[in-house]
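Please read the structure below before turning to the comments.
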Amino acid sequence: MSNPTKGTCFCGAVEIEVSGPPEAMGYCHCASCRSWSAGPVNAFTLFKDENVVVIRGADQIGHFKKTDRSDRQFCSRCGGHVMTYHPQWGLMDVYAATIPDQIFEPGIHVNYGETVLRMVDGLPKMKDFPSEMGGSGVTLPE
2 MSNPTKGTCF
12 CGAVEIEVSG
22 PPEAMGYCHC
32 ASCRSWSAGP
42 VNAFTLFKDE
52 NVVVIRGADQ
62 IGHFKKTDRS
72 DRQFCSRCGG
82 HVMTYHPQWG
92 LMDVYAATIP
102 DQIFEPGIHV
112 NYGETVLRMV
122 DGLPKMKDFP
132 SEMGGSGVTL
142 PE
């Protein structure tokens, strides 16, 4: 994907635009992402921070920081989740459902050591994160 792609929160008050290819796409199984997304797994699409721009509704974006590793951002009008900034990596996780025209091509499962939903799809299942992202680099069996 090289052309800009737009997405919105649930009500449309917040609109974002992503450009350039995603750095990674996959599934996170950690308890925090499961709780935040209200689902057994969270689909992520990571972009370089500078490739994500809020083009409408910046004043509607609320923030929640459970830890210093994740700045979760949502629409304060509808509560719709939009994205999460990860400062330690300089990456913005734009939730896959937020950008419906982006073709979602997952390549990895992270935090699979915490999963509550086993998935058999042939993708690598990382216990936590790849070593280059500060994790153990340990891969678990499907």
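Position in the sequence shown counted from 1, then plus 1, gives you the working numbering. Just so you know, even glycine gets a beta-carbon here, dropped at the ideal spot from N, CA and C.
Note on the stretch 60-128: there is no whole alpha helix (DSSP H) run with a minimum of 4 residues. Here Ile104 is exposed, its C-beta having fewer than 16 other C-beta atoms within 10 Å. Secondary structure note for Cys34: its alpha helix (DSSP H) is the uninterrupted segment Ala32 to Ser38.
Under the 8 Å Cβ criterion, the stretch 108-118 does not count as touching the stretch 63-79, having fewer than three qualifying pairs.
The stretch 36-45 and the stretch 124-140 do not touch, with fewer than 3 CB-CB distances between them shorter than 8 Å. Inter-residue distance for Val15 and Pro22 is about 22 Å (C-alpha atoms, whole angstroms). Here Asp94 really is in contact with Met84; their C-beta atoms are around 6 Å apart, less than 8 Å. Per DSSP, Gly27 is one residue of the beta strand (DSSP E) stretching across Ala25 to Cys29. Here Ala97 is buried. Its C-beta has 16 or more other C-beta atoms within 10 Å. If you draw a straight line from the Cα of Gly108 to the Cα of Ala25, it comes to about 7 Å.
Within the same chain, and ignoring the five residues on either side of Ser20 in sequence, the residues whose Cβ sits closer than 7 Å to its Cβ are Pro5 and Asn52.
Per DSSP, the unbroken beta strand (DSSP E) holding Ala44 starts and ends at Asn43 to Lys49.
In the DSSP secondary-structure assignment, Gly135 is not bridged to any residue.
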